[in-house]
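Going by the working numbering, the residue at position 21 of the sequence shown is 748; the numbering climbs one at a time, nothing skipped.
C-beta: ideal position from N, C-alpha, C; glycine also.
One structure is given here, and the rest of the page talks about it.
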Amino acid sequence: MAKMIDCSKVDPSSGCKYVVRGETEEEVLRKAADHAKEHGIREVTPELMQKVRSAIRDEPAGQP
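Okay, structure coming up:
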């Protein structure tokens with residue numbers, strides 16, 4: 728089952744509406760780390776990765 732994460736679930740104060748999607752949790756984590764650069768985050772710390780990992784959800788059926 729595909730996975731997804733809403734950027735706003737990791738940092739609600741960002742106001743970011745970006746949604747990261749991937750086939751696996753690892754793919755979502757890689758894409759989220761790339762997206763973090765758009766927020767000026769140069770180093771993805773283990774704490775940030777754990778926060779991202781805990782916000783990953785299964786993508787509902789029928790989503791793009």
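Notebook entry, point to check: Taking the C-alpha atoms as reference points, what is the distance between residue 762 and residue 782?
Noted result: Position 35 of the sequence shown, counting from 1, holds the residue named residue 762. Position 55 of the sequence shown, counting from 1, holds the residue named residue 782. About 15 angstroms.
From 741, 746, 749, residue whose alpha carbon lies closest to that of residue 767:
Here residue 767 is taken as the residue at index 40 of the sequence shown, counted from 1. The shortest C-alpha separation from residue 767 is found at 741.
Original post:
With distances taken from CA atoms, which of 739, 772, 775, 749 is nearest residue 787?
Top reply: Numbered from its first residue, the sequence shown carries residue 787 at position 60. Checking every option, the nearest Cα to that of residue 787 belongs to 749.
ask   = Quick one: what's residue 747 bridged to in DSSP?
value = Position 20 of the sequence shown, counting from 1, holds the residue named residue 747. In the DSSP assignment, residue 747 is bridged to 732.
Can you pull the DSSP bridge partners for residue 784?
-> By 1-based counting over the sequence shown, the position of residue 784 is 57. In the DSSP output, where bridge partners are listed per residue, residue 784 has 731.
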